[in-house]
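**Student:** I have a structure I would like to understand better, so I am pasting it below and will then ask my questions one at a time.
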Amino acid sequence: MDAQRTRREWLKQGGGITLLTLLVAAGWIKPSTAAAESWNKNAFDTHSLDDTLKALGGTTPTPSPNVVFFSTPDIAENGAVVPIGVTSNVPKTESIAILIEKNPNMLAAVFDIPAGTDSSLSTRVKMAQTSNVFALVKAEGKYYVASKEIKVTLGGCGG
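Quick note: the sequence shown uses the numbering used here, first residue 318, plus one each step.
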């Protein structure tokens, strides 16, 4: 018990901050790495596909059969947790964004895809109502899009 109490007291007194300071001073962690990354607030405040594309720095997307939805239901029983799965077969995929047409803010998520990794992802989103969901893929500076309608029901009595 005394060892845990001592550790807790050390942490309460700023021991964690001291450790972080030592790691930065030793050069193991760079101050820029410890800081939070900036995010594109304007893109997350948009209400249409065109506005979202403009905020992301893109132009009109090309519909693409190489962007595939998987593990995404046709009917969601609970709009608070809708599973969305997207795979991009577009070569050199750089990022995948998920947009929900009828949500208050259209852009739900943006995922950067490091070079050489599998461009497949799954997540859960909140949907206010039945809506088209768009998967927006950026590859070599161009945008590609696919969409799927997901019906949101109350209590799972879809139809």
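Even glycine gets a Cβ: it sits at the ideal position worked out from N, Cα and C.
1) Spatial neighbours of ALA425 within its chain, please: CB distance less than 7 Å, with the 5 preceding and 5 following residues excluded, ordered by chain position.
2) I need the straight-line Cα distance from GLY433 to PRO390, nearest angstrom please.
3) On the DSSP bridge list, what partners appear for LYS358?
4) Is THR389 helix, strand or coil by DSSP?
5) At the level of alpha carbons, what is the spacing between TYR460 and THR404?
6) Near ASN422, which residues of its chain fall below 8 Å by C-beta distance, leaving aside the five closest residues on each side in sequence?
7) Looking at the unbroken alpha helix (DSSP H) that takes in LYS465, where does it start and where does it end?
8) What span of residues does the alpha helix (DSSP H) with THR369 cover, start to end?
9) Residue range of the beta strand (DSSP E) that PRO400 falls in?
10) Leaving out five residues on either side along the sequence, give the residues of the same chain with a beta carbon under 7 Å from the beta carbon of MET444.
11) What three-state label does DSSP hand GLU394 in the structure shown?
12) Just list the residues that DSSP pairs ALA456 with in beta bridges.
13) Please tell me whether, using a cut-off of 8 Å, the distance from the CB of ILE392 to the nearest non-hydrogen atom of the ligand PLP is below it.
14) Comparing C-alpha positions only, which one of PRO380, ASN449, GLU457 and ILE413 sits nearest to SER437?
15) Which same chain residues, not among the five before or five after PRO380, have their C-beta less than 8 Å away from its C-beta?
**Tutor:** From the atom records:
1) Within the sequence shown, numbered from 1, the residue matching residue 425 stands at position 108. Annotation for ALA425: ILE415, LEU416, ILE417 and VAL442 place their beta carbon closer than 7 Å to its own, counting only its chain and skipping 5 residues before and after.
2) For this step, residue 433 is matched to residue 116 along the sequence shown. For this step, residue 390 is matched to residue 73 along the sequence shown. So the alpha carbons of these two residues sit roughly 29 Å apart.
3) Position 41 of the sequence shown holds residue 358. According to DSSP, which records beta bridges pairwise, LYS358 is partnered with nothing at all.
4) Within the sequence shown, the letter at position 72 stands for residue 389. Reduced to three states, the DSSP call for THR389 is coil.
5) As a working mapping, residue 460 is identified with position 143 in the sequence shown. As a working mapping, residue 404 is identified with position 87 in the sequence shown. The straight-line gap from Cα to Cα measures roughly 15 Å.
6) Here residue 422 corresponds to residue number 105 of the sequence shown, with the count starting at 1. Taken in chain order, the residues that qualify are PHE361, ASP362, THR363 and HIS364.
7) On the sequence shown, residue 465 is found 148 positions in, with the first residue counted as 1. No alpha helix (DSSP H) contains LYS465, which is instead part of the beta strand (DSSP E) from 459 to 469.
8) Here residue 369 is taken as the residue at index 52 of the sequence shown, counted from 1. Segment 366 to 373, the alpha helix (DSSP H) holding THR369.
9) In the sequence shown, the residue the question calls residue 400 occupies position 83. Per DSSP, PRO400 belongs to the beta strand (DSSP E) from 399 to 405.
10) The sequence position of residue 444 within the sequence shown is 127, counting from 1. Cβ neighbours of MET444 beyond the five flanking positions: ALA393, GLY396, VAL399, ILE417, ASN420, ILE467 and VAL469.
11) Reading the sequence shown from its first residue, position 77 is the one you call residue 394. Coil, per DSSP.
12) Working through the sequence shown from its first residue, we reach residue 456 at position 139. Paired residue(s): THR410 and LYS459.
13) Because no ligand of any kind appears in the structure shown, any question about the ligand PLP cannot be addressed here.
14) On the sequence shown, position 120 is the one that residue 437 refers to. The shortest C-alpha separation from SER437 is found at ILE413.
15) Within the sequence shown, residue 380 is the residue found at index 63, counting from 1. Excluding residues within five positions, the ones whose Cβ falls inside 8 Å are TYR461, VAL462 and ALA463.
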